[in-house]
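Residue numbers (our numbering): 15 to 600.
In structure tokens:
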């Protein structure tokens, strides 16, 4: 690592005040590799960290390559481009839910950024930091902090690579300054893309803020090439003060609009069936303020596998018995436990003594200690590790513009009034997380200031088994997407959320121009990316049971018919919604 233009040790700011959040272990078992090959780096399959894509398929590829330098990366892309092979970039943890990593066919090339994992340069005077694309968010946060610098906003889960989180537009929560999207702090990017024979079939493109193409590259879905290096504009390291306040959700529609403007790092956790909302009051404070707070979010910690199996079995039983009361009781217990434990906040890195929790930004902005699960034969693991019986879920995550978000919240509250127990299941997964996002110049970034609603819920191992109150969740998703024009998170969601979405991006045409210029032979494109970019027919799949998995609208699902015990009916509050529900009531 290279430090430049600094006269003092980068650790001076923190020395004798707080310890860094470094996790150093002699041996540890992180989640398993997403790529598995039957022979050395060939005849491979690729999945995600959850072990399942929305359509439950396993993607195949001919080979996987592991470049360690940009020069090696250029050579790999060059050879594949000359052979006209399809390529896809994969990351160490592969946390995206949609099939962004799947090349077409079975002979494509996977290019892993696992070993492109170095911090290359930190210029403390200019407050910039250059990293390779396989660097994890945790590594970036800690290396920046050692230099007395901070990336102001980031996702709450640190097990993401820089290339992966940029490719999908990942973000934290803020309406202040440039906002919470990580890509809006990029000032330069190096990308390797295909080229013609005269240029050796591959070239390194260097993009900075003076290049309009950077607005395409900052959120690219991996279809422009392979990000090699990224330079961020950072800020001096600072302290934050965090308090959680629980309120009745009756005024949530109004409160949500103003709250994000009042606090720089605000977010809201909403528990609709309990009629409660938890407000995160989170702001910068003086670096002289006393406190060495740490945030180790409880759902991101390593958990005993037996406990995870018990929780999953309990929820499966509740689903099979249609036990809404049981889910409501479980939800209240989980929410109460999280609140009592301050969600994983501690005032000194050890115990929680009360709010506010004050500490340096790098110790509070992101977590994910389950990545350091001890080598214990999976006695403990991340809760969603597919090798154990643990969490198995769907995620519907979309941003609703601030101009209409009050109406959306009120529509959800109307559904809860009709079916008070319908959303208890969400409370088993920390409720609905509401994060603030700001309009971005990135062509595939957010189009307006908005609130991102992150909804996680039970998924059955049986694709033909409907969830308890599935129709209510389906209607909420369709209200957001089709009534209020919400934008889905590129790295989450079921197929249905992406149907026709490219029409909502005013600069989609400019993005496609850059795509055609960088990769005219579509070597980094796939059927899936063509579909979500509007270049092929939609992303919905018509087959029996497709509505249950979010692969289609229920009117196209022959499973959703009275003869099968189901009914495709209009929504309860939004009649344009089409939801698959059991003929008998829940």
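A virtual CB, placed ideally from N, CA and C, is assigned to each residue, including glycine.
Query                                                                                                     : Result
7 Å Cβ shell around residue 370 - same chain, five flanking residues per side excluded                    : 255, 256, 257
Environment of residue 316 [buried if 16+ CB atoms lie within 10 Å]                                       : buried
Counted within 10 angstroms of its Cβ, other Cβ atoms place residue 589 as buried (16 or more) or exposed : exposed
With 16 other Cβ atoms within 10 Å as the buried cut-off, status of residue 207                           : buried
Contact with chain C by residue 296, beta-carbon distance below 8 Å                                       : Absent here is chain C; the protein component of the structure consists of one chain.
Short Cβ contact (8 Å threshold) for residue 174 with residue 107                                         : yes
Helix, strand or coil at residue 337 according to DSSP, with G and I counted as helix                     : coil
Bounding residues of the alpha helix (DSSP H) (the contiguous stretch that carries residue 422)           : 419-432
Paired residues, beta bridge with residue 371 - DSSP                                                      : 256
Residue from 334, 307, 226, 102 whose Cα sits closest to the Cα of residue 473                            : 334
Coarse secondary structure for residue 302, derived from DSSP in three states                             : coil
8 Å Cβ shell around residue 355 - same chain, five flanking residues per side excluded                    : 312, 366
Sufficient close CB pairs (3 or more, under 8 Å) joining the stretch 440-449 to the stretch 277-285       : yes
Three-state secondary structure (DSSP) of residue 364                                                     : coil
Beta carbon of residue 495 nearer than 8 Å to that of residue 511                                         : yes
Alpha-carbon spacing of residue 340 relative to residue 303, whole angstroms                              : 45 Å
Cβ-Cβ separation, residue 422 to residue 448 (assumed contact under 8 Å), whole Å                         : No, residue 448 and residue 422 are not in contact; Cβ-Cβ is about 11 Å, not under 8 Å.
Backbone CA spacing between residue 363 and residue 275 [nearest angstrom]                                : 29 Å
Closest residue to residue 493 among 426, 514, 120, 557 (Cα-Cα distance)                                  : 426
Assumed close pair residue 103, residue 193 - CB separation to whole angstroms, cut-off 8 Å               : Not quite, the Cβ-Cβ distance comes to about 25 Å (not below 8 Å), so this is no contact.
Terminal residues of the alpha helix (DSSP H) in which residue 276 lies                                   : 266-276
Cβ neighbour criterion (16 or more within 10 Å) applied to residue 143                                    : buried
Environment of residue 265 [buried if 16+ CB atoms lie within 10 Å]                                       : exposed
Element boundaries [beta strand (DSSP E), containing residue 172]                                         : No beta strand (DSSP E) contains residue 172, which DSSP labels as neither H nor E.
Three CB pairs or more closer than 8 Å across the stretch 509-523 and the stretch 557-567                 : yes
Residue environment, residue 478, which counts as buried when at least 16 other CB atoms sit within 10 Å  : exposed
Bounding residues of the beta strand (DSSP E) (the contiguous stretch that carries residue 143)           : 142-146
C-beta atoms of residue 78 and residue 49 nearer than 8 Å                                                 : yes
Residue 25 versus residue 357: straight-line alpha-carbon distance, rounded                               : In this predicted model, residue 25 has a pLDDT of only 42, less than 50, meaning its place in the structure is not dependable; the value taken from the coordinates is given anyway. Going by the C-alpha atoms only, they are around 28 Å apart.
Alpha-carbon to alpha-carbon, residue 592 and residue 585                                                 : 6 Å
Those residues which DSSP pairs with residue 203 across a bridge                                          : 221, 244
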